[in-house]
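Just so we're aligned: the sequence shown equals residues 500 to 641 in the numbering used here.
For reference, the structure discussed in these notes is given below.
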Amino acid sequence: MLEIYLKECLYFTVNRLSRVITKMADEEFAVSGLSPTYAFLLMAVYEKEGISQKELGEILHLQPSTVTRFIEKLMGKGLIYNRVEGRLSLIYTTEKGKALEGVINECWNSLRSRYAAILGAKEGDELSLYLDQVSDRLENIE
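In structure tokens:
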């Protein structure tokens, strides 16, 4: 009976999936020297140099305190810097940070290829999009 409960429990199955995909992502991003979340933050800065901390939080679905902690860590590694303009803290990549862009993109592509080989490329993309939609719906129930 417990096995059925666990398989039908969104909480349990999503956490199980999270553990599996996190392990895969950690392995693929290890070559960059960054955790996947730090790499995704850098990817957001690559796309929009001068992005605000607030925008980073919205894009990555992270709390402001978490974004601040991640930014401080990446600043400590010399990969990004911030410039304060009024009340905004804008984030930019350093030359050292820009030099990682190719490696990070390779890690991202390798991760996608890895789970696509198991799930199928189309199925992997569809699952990601569906989970994103579900997350949006559950976040916005207030």
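Glycine included, each C-beta is placed from N, C-alpha and C at the ideal position.
The structure presented is a predicted model; accordingly, all values stated were derived computationally and were not measured.
(request) Could you pull the start and end residues of the beta strand (DSSP E) that Asn514 belongs to? (result) Segment 509-528 is the alpha helix (DSSP H) holding Asn514; no beta strand (DSSP E) there.
(request) State the Cα-Cα distance for the pair Gly585 and Lys553, rounded to the nearest angstrom. (result) 14 Å
(message) Mapping the DSSP letters down to three states, classify Arg582 as helix, strand or coil.
(response) strand
(request) May I ask whether a heavy atom of the ligand ZN can be found less than 6 Å away from the beta carbon of Leu630? (result) In terms of ligand content, the structure shown is empty, and the ligand ZN therefore cannot be addressed.
(message) Quick check: Gly596 and Leu610, are their CB atoms within less than 7 Å of each other?
(response) no
(request) Go ahead and pull the three-state DSSP assignment for Leu587. (result) strand
(request) With DSSP as the reference, label Thr536 as helix, strand or coil. (result) helix
(message) Considering only their Cβ atoms, is the gap separating Ser551 from Leu587 smaller than 7 Å?
(response) yes
(request) Please list the segments of the alpha helix (DSSP H) lying wholly inside the stretch 589-631, counting only runs of 4 or more residues, in order along the chain. (result) 594-598, 600-618
(request) Could you name the residues of the same chain whose beta carbon sits closer than 6 Å to that of Tyr545, not counting the 5 residues immediately before and after it, in chain order? (result) Glu600
(request) Take Ile520 as the anchor and find which of Arg613, Ala620, Leu628 has the nearest alpha-carbon. (result) Arg613
(message) I'd like the span of the alpha helix (DSSP H) that includes Met574, first residue to last.
(response) 563-575
(message) Could you pull the DSSP bridge partners for Ile550 from this structure?
(response) Ile590
(request) Taking only the alpha-carbon atoms, compute the straight-line gap between Thr567 and Val583 and give it to the nearest angstrom. (result) 14 Å
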